[in-house]
Structure formats: structure tokens, C-alpha cells
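The structure under discussion appears below in the form of C-alpha cells.
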Amino acid sequence: MKNIVYIVAVLSLCLNGYLLFKPEVEKTVYVEKRVEVASEPEIVTVTEVDQELEQKYAKALEEIERYKKELDSKENELIAYSDSDGESTELAQNKVAEMSYKELSDEELDKKIMAKYQEDKKIIEDAFANEELDPIWGYQTQDLINAAIQKHGDLTKYSTENLQCKTNVCKMTIKPYTQNQSSAISAGMNASFSFHSNEALRDLGSSFSMNEEHSEVEMFIWKKELTDGGK
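Last residue of the sequence shown: 224 in the numbering used here, with the numbers rising by one and none dropped.
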């Protein structure tokens, strides 16, 4: 999806270039023709400046065509992906969840990233276990999270329980209706996407981990300065 947004942005820049260059070429050629008629009857060739603009114009058209082809290709990939399974973007979230789990299970996962993950996880869990309740932030954030999941989440696939927010950290349990690992991870991803759709919650961090015994997900949501050293 980022690739498509990037391609559309570049396509827009190319079109702007087209609008910038083309009128200049036409205007200059028009002036040359007027000079030809008004002065001596000689053939006036296009200037070097005009040639340069024409080359830029032609190159801009080539870029537009290239990016259009790339955009069409990406769209076709998404259509083919959806059609192949008969489902929409919801299926894409499931596939992303499965791939993310495989990546996290890979023995080649960078040790520094894993160390940072474990460090942050301990900070978040300790904070939730030890901090007091901030009634204003805690209850307001709980309401925002619940509203976001109700609005954007797929609650036909999972339910949420035991949501509690304190001073810097919230914790909740996500229970998928289908009891398997893939469904649990997909539910965690969907819930995370859902509350990040709310602008008031986008500055919060989130992570979730599997409870394999019960095929459910434990999710933490926290103020990012807690793990970013107050930044």
C-alpha cells in the first residue's frame, strides 16, 4: 500500500512537470513563428532552450507512462490476491499476521531487535503491575480504545475482555472465536489496526503476545515515552 501511495505521489509530480514544461515550449515556438513572419523571410529553427524543454517534456511523459504501468501492476496484484481467496482486505490482514508470526519465529531474527523487544516488554509489564490509576487518562483512554475497536474492528471474529488503563499503560485480552494460532494473531493485528485508526490513539505504542494454551492474545497499549526514554 505504501508503494501505491508513493507511485501516485510521483505520478502527480510528473503531471505537474508536464503542465510546467509544455506551455513554455508552445509559447516559445509561437514567438519564433511571429519573428519569422515579421522579419526577413528565413527559416527560424527551434532554440537550444526549446529543445531542452522538449526533451524534458518527452522524458516527463515517459515517466508518467512508466509509473502508470507500475501502478496498474500493483493494483492487479491486489485484485488477483483478493480474487484468489474470494475475500477482501480482511484476508490480507490474516496473511500479514501469519507472515509476521513466521518472521518472529525465524532463528535469523536480528538479536538487537529481539533484545530491544524484550527490554521494552519488561518495562511495559512492570509499569502496568506497579503504577497507580490515573482516572482521567485511564478512563478516557479505555473509552477511546473500546470505541475504536467497535467502529473499526471485526468483532465477528473475536471479542475483547478485561481492558484496563492505568497511568501510562493499558492491558486487555483478545479472544478469537476460532481457536487456533493464526486466528489469534490475526485478531491481535486487527485490534491494533483498529485503535490506531483513531487519531487520538495514534501516538500510543502497542504489542501483543500469544497465550498458546488458550489460543488468545494479551495486548499492551502504552505511552511511547515510557519505552523511548521520555522522548
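All C-beta atoms, glycine included, are put in the ideal place defined by N, C-alpha and C.
Assess contact between the segment 201 to 211 and the segment 173 to 182, defined as three or more Cβ pairs (one per stretch) separated by less than 8 Å. Is contact present? yes
For T220, write down the residues that DSSP places opposite it in a beta bridge. Working through the sequence shown from its first residue, we reach residue 220 at position 227. T220 pairs with nothing; no bridge assigned.
Suppose the cutoff is 7 Å on Cβ atoms and the five residues either side in sequence are ignored; what does the same chain contact list for S190 look like? Locating residue 190 in the sequence shown gives position 197, where the first residue counts as 1. Excluding positions up to five away in sequence, the list reads A141 and H145.
Look up G198 in the DSSP assignment and say whether it is helix, strand or coil. Within the sequence shown, residue 198 is the residue found at index 205, counting from 1. DSSP places G198 in strand when its eight states are reduced to three.
The beta strand (DSSP E) that contains S152, what's its start and end? One-based indexing of the sequence shown puts residue 152 at position 159. Run containing S152: Y151 to C158, per the beta strand (DSSP E) assignment.
Let me check one thing: in DSSP terms, what residues is M182 bridge-paired to? If you number the sequence shown from 1, residue 182 lands on position 189. Beta-bridge pairing links M182 to no other residue.
Would you mind reading off the limits of the alpha helix (DSSP H) that contains T134? As a working mapping, residue 134 is identified with position 141 in the sequence shown. Residues P128 to H145.
When the Cα atoms are used, what is the spatial distance from S208 to W130? As a position in the sequence shown, residue 208 is number 215, starting the count at 1. As a position in the sequence shown, residue 130 is number 137, starting the count at 1. If I take the Cα positions, the gap works out to 30 Å.
Secondary structure at D113, three-state DSSP: helix, strand or coil? By one-based count along the sequence shown, residue 113 stands at place 120. D113: helix per DSSP, three-state reduction.
Which same chain residues end up closer than 6 Å to I214 when comparing Cβ atoms and leaving out the 5 residues on each side of it in sequence? Here the question's residue 214 lines up with position 221 in the sequence shown. Cβ neighbours of I214 beyond the five flanking positions: C163, L197 and S199.
Please classify I106 as buried or exposed, where buried requires at least 16 other C-beta atoms within 10 Å of its C-beta. On the sequence shown, residue 106 is found 113 positions in, with the first residue counted as 1. By the neighbour-count criterion, in which a residue is buried when 16 or more other Cβ atoms sit within 10 angstroms of its Cβ, I106 is exposed.
On the DSSP letters alone, give me the boundaries of the beta strand (DSSP E) that T166 sits inside. Walking along the sequence shown from the start, residue 166 turns up at place 173. It spans V162 to P169 - the beta strand (DSSP E) in which T166 sits, taken as one unbroken run.
Quick check on the burial criterion: 16 or more other C-beta atoms within 10 angstroms. Buried or exposed for N161? As a working note, residue 161 is residue 168 in the sequence shown. Looking at its Cβ environment, which holds 16 or more other Cβ atoms inside 10 Å, N161 is buried.
Note down the Cα distance separating E218 from T153, rounded to an integer number of angstroms. As a first step, residue 218 must be located in the sequence shown, where it is residue number 225. As a first step, residue 153 must be located in the sequence shown, where it is residue number 160. For E218 and T153, the distance between alpha carbons rounds to 26 Å.
Where DSSP assigns a beta bridge to E211, which residues make up the other side? For the purposes of this step, residue 211 is identified with residue 218 of the sequence shown, where counting begins at 1. Per DSSP, T166 and S202.
Any idea if Y110 is buried or exposed, counting beta-carbon neighbours within 10 angstroms, 16 or more meaning buried? Sequence index remark: in the sequence shown, residue 110 carries index 117 (1-based). Burial state of Y110 is exposed, judged by a 10 Å Cβ sphere holding fewer than 16 other Cβ atoms.
Among T149, F121, A108 and D221, which residue has its Cα nearest to the Cα of E211? Along the sequence shown, read from residue 1 onward, the residue named residue 211 stands at position 218. That would be F121, whose Cα lies nearest to the Cα of E211.
Can you tell me the Cα-Cα spacing of Q135 and L126, whole angstroms? The sequence position of residue 135 within the sequence shown is 142, counting from 1. The sequence position of residue 126 within the sequence shown is 133, counting from 1. Those two C-alpha atoms are separated by around 12 Å.
Inter-residue spacing [alpha-carbon to alpha-carbon] between L194 and E205: Locating residue 194 in the sequence shown gives position 201, where the first residue counts as 1. Locating residue 205 in the sequence shown gives position 212, where the first residue counts as 1. Taking the straight line from one Cα to the other gives about 28 Å.
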